[in-house]
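Residue numbers (this note's numbering): 385 to 899.
To start, the structure itself, in structure tokens.
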């Protein structure tokens with residue numbers, strides 16, 4: 385059995401692992417986000433027609449978002465996933481098609497004016513419909529026999545329907561953590577205890593940091609909310625529409641019991657798919673934690689508040705631009721697109737705005753630049769000054785932190801090798817070092833690297849490693865913004881350096897135009 389790492393290697397997004405036994409399978413097929421998003425348009429480094437099945441850990445787009453593209457390029461086999469994952473994928477994929485269509489139309493209008501070639505979306509509604517017909521639901525904890533391999537889905541306590549995978553092939557067992565939830569997760573309970581494996585492919589999103597305790601996180605959120613109410617401004621919460629938004633709504637509900645005034649403050653879930661996703665959570669409430677189920681048993685939905693309004697249309701979204709106070713929950717969680725951009729454009733420059741990040745911000749994203757303290761950022765083509773108060777509350781994350789990850793690995797008996805993926809280099813390396821201190825063997829794979837599991841050897845990649853030009857462009861933008869925001873020497877040396885940079889950029893522009 386072999387595994388090739390074709391995404392989420394050296395970065396957080398684009399999860400995609402090619403598993404080869406007698407047949408070829410993909411574990412996940414997600415989109416790249418942030419600095420690597422342009423990788424999505426590149427053809428797959430394998431023939432999709434040769435893939436015998438996709439084994440999908442969960443619905444988040446960085447794990448599922450390229451499956452319709454896979455179908456577009458010839459994939460026709462089964463997609464194995466839990467039933468809630470299948471429901472959520474349809475909602476997320478159709479929303480992605482809508483956003484891609486709008487973005488492509490915008491770019492093509494510019495390309496027509498400048499004489500550049502027109503572009504096409506990554507996929508359309510047709511490919512989503514085709515992909516949905518390929519799904520085969522798999523329940524938790526039952527054995528799926530695919531002849532050359534056997535697979536068992538385990539509840540990973542990350543989002544609704546999310547799974548860790550146990551895979552048996554020949555004489556080797558490999559476990560894929562998928563995305564793992566925190567120990568004692570508020571929303572989905574506890575991650576699974578798995579004791580046996582030869583190899584464990586483990587995520588490391590928060591491998592180099594700790595979340596605050598639940599008690600401290602709730603105190604921090606309470607403090608931010610009260611501060612926002614006193615300042616009389618809006619509270620903007622960029623959020624993943626699946627799980628994180630429902631968690632935020634639940635936390636606001638808990639606060640409203642303590643501060644009844646919150647029931648008078650308007651709350652907007654500004655997302656065309658927000659209501660649909662929330663309804664999926666309510667339908668499958670039996671898979672949620674005891675803390676959440678308690679409210680359902682009492683006839684209370686913790687995701688439906690009297691002062692909460694779901695906004696679907698663009699017109700509805702625009703109506704809240706002129707409101708002075710209120711909570712606005714909107715995607716995307718990393719501010720890479722979606723309706724949160726419009727709210728940032730209208731409110732980021734206001735001193736009484738509070739911007740609360742409740743999830744991971746990948747390198748190269750607008751969210752990451754704001755969290756890193758940039759004072760001027762580009763939003764929808766316009767430079768906006770950042771005057772809002774910025775808060776980061778990672779305790780609401782659906783990801784395990786460093787302590788949680790190590791606790792999960794402690795369950796494994798024997799001497800498995802841990803393959804560390806789905807993290808930025810520092811996070812993966814830190815987790816690897818801590819595992820080694822526990823006496824564990826570790827591997828941190830690079831993009832396109834292949835590991836022969838039975839021979840226990842790494843095979844040199846046959847494809848060219850990625851050269852991340854767009855990450856450099858993002859860094860250039862950040863430095864230009866920084867330079868513009870501070871005093872600069874008016875001397876000949878500074879002028880010469882800037883002029884040299886301008887000449888080089890003009891040459892790159894000329895080459896790009898010719899290409």
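Quick reminder that beta carbons are idealized off the backbone N, C-alpha and C, glycines included.
Residue 450, enclosing beta strand (DSSP E) - first and last residue: Here residue 450 is taken as the residue at index 66 of the chain shown, counted from 1. Counting along the chain, no beta strand (DSSP E) covers residue 450, and no H or E run does either.
According to DSSP, which residues form a beta bridge with residue 552? As a working note, residue 552 is residue 168 in the chain shown. Residue 552 pairs with 534 and 557.
Does the beta-carbon distance from residue 617 to residue 737 come in below 7 Å? On the chain shown, residue 617 is found 233 positions in, with the first residue counted as 1. On the chain shown, residue 737 is found 353 positions in, with the first residue counted as 1. Result yes, Cβ atoms of residue 617 and residue 737 sit closer than 7 Å.
With 16 as the cutoff for other CB atoms within 10 Å, does residue 783 come out buried or exposed? As a working mapping, residue 783 is identified with position 399 in the chain shown. By the neighbour-count rule (16 or more Cβ atoms within 10 Å), residue 783 is buried.
How about residue 571 and residue 673: are their beta carbons less than 7 Å apart? For the purposes of this step, residue 571 is taken as residue 187 along the chain shown, with counting starting at 1. For the purposes of this step, residue 673 is taken as residue 289 along the chain shown, with counting starting at 1. In contact: residue 571 and residue 673 (Cβ atoms closer than 7 Å).
My assumption, with CB atoms under 8 Å, is that residue 761 sits in contact with residue 865. Please give the rounded CB distance. If you number the chain shown from 1, residue 761 lands on position 377. If you number the chain shown from 1, residue 865 lands on position 481. Between the beta-carbon of residue 761 and that of residue 865 there is about 7 Å, and that keeps the pair under the 8 Å contact cut.
Give a yes or no on contact between the segment 403-412 and the segment 428-437, applying the rule of three or more CB pairs nearer than 8 Å. By the criterion of at least three beta-carbon pairs nearer than 8 Å, the segment 403-412 is in contact with the segment 428-437.
Taking the alpha carbon of residue 441 as the reference point, which residue from 459, 424, 541 and 479 has its own alpha carbon closest? Start at 1 with the first residue of the chain shown, and residue 441 comes out as number 57. Closest in C-alpha terms to residue 441, from the list 459, 424, 541 and 479, comes 541.
Decide if residue 583 is buried, meaning its Cβ has at least 16 other Cβ atoms within 10 Å, or exposed. For the purposes of this step, residue 583 is taken as residue 199 along the chain shown, with counting starting at 1. Result: buried.
Between the segment 686-697 and the segment 736-750, do at least 3 Cβ pairs fall closer than 8 Å? These segments do not touch.
Give me the Cα-Cα distance between residue 473 and residue 577, rounded to the nearest whole angstrom. Position 89 of the chain shown, counting from 1, holds the residue named residue 473. Position 193 of the chain shown, counting from 1, holds the residue named residue 577. Taken atom to atom, the span from the alpha-carbon of residue 473 to that of residue 577 is near 26 Å.
What distance in whole Å lies between the Cβ atoms of residue 715 and residue 724, which are believed to be in contact at a cut-off of 8 Å? Here residue 724 refers to the residue found at position 340 of the chain shown. Here residue 715 refers to the residue found at position 331 of the chain shown. About 6 Å separates the two Cβ atoms, so the contact holds.
Quick one: residues in its chain with C-beta nearer than 6 Å to the C-beta of residue 901, no 5 flanking neighbours on either side, listed in chain order? As displayed, the chain neither begins before 385 nor continues past 899, which places residue 901 out of reach and without an answer.
When DSSP labels each residue in this structure, what does residue 834 get in the three-state scheme? Locating residue 834 in the chain shown gives position 450, where the first residue counts as 1. Three-state DSSP puts residue 834 in a strand.
Within its chain, find whatever has a CB closer than 8 Å to the CB of residue 343; leave out the 5 residues flanking it on each side and keep chain order. Summary: the structure shown does not reach residue 343, with the chain confined to residues 385 through 899, and so no result is reported for it.
Grouping DSSP H, G and I as helix and E and B as strand, with all else coil, what is residue 655? Working through the chain shown from its first residue, we reach residue 655 at position 271. Reduced to three states, the DSSP call for residue 655 is coil.
Residue closest to residue 398, alpha-carbon to alpha-carbon, out of 773, 446 and 456: The residue labelled residue 398 in the question sits at position 14 within the chain shown. For the residues 773, 446 and 456, the minimum Cα distance to residue 398 belongs to 446.
Please check the pair residue 506 and residue 495, which I expect to be a contact at CB under 8 Å, by giving their CB distance rounded to whole angstroms. Walking along the chain shown from the start, residue 506 turns up at place 122. Walking along the chain shown from the start, residue 495 turns up at place 111. Residue 506 to residue 495, Cβ: 17 Å. No contact.
To the nearest angstrom, how far is the alpha carbon of residue 529 from that of residue 587? Within the chain shown, residue 529 is the residue found at index 145, counting from 1. Within the chain shown, residue 587 is the residue found at index 203, counting from 1. In this structure, the CA atom of residue 529 is about 25 Å from the CA atom of residue 587.
For a quick check, are the C-beta atoms of residue 792 and residue 650 less than 7 Å apart? Your numbering for residue 792 matches position 408 in the chain shown. Your numbering for residue 650 matches position 266 in the chain shown. Not in contact: residue 792 and residue 650 (Cβ atoms no closer than 7 Å).
What would DSSP say about residue 712, mapped onto helix, strand or coil? Mapped onto the chain shown, residue 712 falls at position 328. Under the three-state reduction of DSSP, residue 712 is assigned to strand.
What's the C-alpha gap between residue 695 and residue 713? Residue 695 sits at position 311 when you count from the first residue of the chain shown. Residue 713 sits at position 329 when you count from the first residue of the chain shown. Residue 695 and residue 713: Cα-Cα distance of roughly 10 Å.
Could you please give me the residues that DSSP links to residue 569 through a beta bridge? Locating residue 569 in the chain shown gives position 185, counting from the first residue. DSSP, once it has assigned bridges, lists 573 as partnering residue 569.
If you draw a straight line from the C-alpha of residue 640 to the C-alpha of residue 894, how long is it? Sequence index remark: in the chain shown, residue 640 carries index 256 (1-based). Sequence index remark: in the chain shown, residue 894 carries index 510 (1-based). For residue 640 and residue 894, the distance between alpha carbons rounds to 58 Å.
For the pair the segment 809-817 and the segment 594-603, tell me if three or more CB-CB distances fall below 8 Å. With the cut-off at 8 Å, the segment 809-817 and the segment 594-603 do not touch.
Take the Cβ of residue 531 as the centre, count every other Cβ of all protein chains shown within 10 Å, and call the residue buried at 16 or more, exposed below. Stepping through the chain shown from its first residue, residue 531 is reached at position 147. Answer is exposed; the Cβ neighbour count stays below 16.
Could you check what DSSP says for residue 416 in three-state terms: helix, strand or coil? Numbered from 1 along the chain shown, position 32 holds the residue referred to as residue 416. Coil, per DSSP.
CA nearest to the CA of residue 396, picked from 613, 726, 516 and 414: By one-based count along the chain shown, residue 396 stands at place 12. For residue 396, the nearest C-alpha among the options comes from 414.
Pick from 766, 740, 764 and 798 that is closest to residue 774, judged by C-alpha positions: In the chain shown, residue 774 corresponds to position 390, counting from 1. When the alpha-carbon of residue 774 is set against those of 766, 740, 764 and 798, the nearest one is in 740.
If you follow the beta strand (DSSP E) that residue 464 is in, where does it begin and where does it stop? For the purposes of this step, residue 464 is identified with residue 80 of the chain shown, where counting begins at 1. Element bounds for residue 464: 462-465.
Residue 522 to residue 533, Cα distance in whole Å? Residue mapping note: residue 522 aligns to position 138 of the chain shown, counting from 1. Residue mapping note: residue 533 aligns to position 149 of the chain shown, counting from 1. The alpha-carbon atoms of residue 522 and residue 533 are separated by roughly 15 Å.
Starting from the C-beta of residue 536, find all residues in its chain whose C-beta is less than 6 Å away, skip the five residues before and the five after it, and write them out in chain order. The count along the chain shown starts at 1 and reaches residue 536 at position 152. The beta carbon of residue 536 sits closer than 6 Å to those of 527 and 550, all from its chain and outside the five residues before and after it, given in chain order.
Quick check: the Cα distance between residue 704 and residue 430, rounded to an integer number of angstroms? By 1-based counting over the chain shown, the position of residue 704 is 320. By 1-based counting over the chain shown, the position of residue 430 is 46. Roughly 47 Å separates the two Cα atoms.
Pair every Cβ in the segment 825-845 with every Cβ in the segment 860-880, then say whether three or more of these pairs are closer than 8 Å. No contact exists between the segment 825-845 and the segment 860-880.
From residue 545 to residue 634, what does the alpha carbon distance come to, in whole angstroms? By 1-based counting over the chain shown, the position of residue 545 is 161. By 1-based counting over the chain shown, the position of residue 634 is 250. If you take the alpha carbons of residue 545 and residue 634, they lie about 19 Å apart.
Residue 698 versus 402, 424 and 482, residue with shortest Cα-Cα distance: Here residue 698 refers to the residue found at position 314 when the chain shown is read from its first residue. Out of 402, 424 and 482, the CA that lies nearest to the CA of residue 698 is found in 482.
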